[in-house]
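Just so it is clear: in the sequence shown, position 60 is 111 by our numbering, and no numbers are missing.
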Amino acid sequence: MLKPTRLLLLGAPGSGKGTISRKLLNRFPQLKSISSGDVLRSHILRGTKIGVEAEKCLKTGTLVPDSTMVSLISEQLRDLDGLSSKANWLLDGFPRTFSQAQKLTEILDKNQCNLNVVVELNVDQNIILHRIESRYVHLPSGRIYSLDYNPPKVPFKDDITGEDLVKREDDNAAVFKKRLDKYNEEIVPLREYYQKLGIWHEVAGITSDIIYPKVEKLLLT
Ligand code: AMP
């Protein structure tokens, strides 16, 4: 594997970032992951001040303010010992705007632990829209299931804990379309930014089973 590996996964909501992250963590145990959506959902579950604010954004499919996200994720990176030149991690869902990306670079530069690979997952958005209807999640862990492709062993129960799976409130057609539109707007300057830094790669496919080996190969070359 690239040494050290500091990976950013970009991709539309529903493109499989969570599933790819999980597979990478299994394959490369030295990687630690931070999913900005999972961090926010954990704040919402715990009813923190950030959670109360974020809940409105998640419900309506709008973005949480950049300043909140930057302090939240830098705190997570610190907690994971992620701000050192030897750190290995992957980020999923952050940065999501050009301004977040610039701030992240500043923080990482100061600690000499910059990103070294950015992978954009390219999945046909008509397929994503169709698929999202069948997505269920175990909120405490972020484990994702699809009733079509990856059903739980017991219907609507998490395979590991047996706890209930829920449908994310923002996975309904109207809010999801809004999230997708926002993604399509924000990704353009982000993509350009990382292309200029020479660390951007694109991986295309219909399912995570097709996409995953390509991502793994990128990390091994
Ligand atoms: P996700 O689980 O990545 O699809 O994120 C779910 C929701 O959390 C998004 O629709 C946003 O409301 C919020 N969110 C997650 N990451 C970010 C971010 N980097 N910047 C702003 N809002 C975010």
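C-beta atoms are modelled at their ideal positions from N, C-alpha and C, and glycine is treated no differently.
Cβ of residue 230 within 7 Å of any heavy atom in the ligand AMP?
yes
Using only the alpha-carbon positions, how far apart do residue 268 and residue 62 sit?
Spanning the two alpha carbons is a distance of roughly 18 Å.
Using only alpha-carbon positions, find the residue among 164, 137, 169, 134 that is nearest to residue 147.
Nearest to residue 147 by alpha-carbon distance, out of 164, 137, 169, 134, is 169.
So which of 71, 76, 110, 162 has the shortest CA-CA distance to residue 225?
110
If you follow the alpha helix (DSSP H) that residue 76 is in, where does it begin and where does it stop?
68-78
Only counting the same chain, and skipping five residues up and downstream in sequence, which positions put a Cβ closer than 7 Å to that of residue 135?
162, 164
Between the alpha carbons of residue 85 and residue 208, how many angstroms are there, rounded?
24 Å
Should residue 264 go down as buried or exposed, given a rule of 16 or more other Cβ atoms within 10 Å for buried?
exposed
Helix, strand or coil: which one does DSSP assign to residue 171?
strand
Supposed close pair residue 68, residue 144 - CB separation, criterion 8 Å:
7 Å
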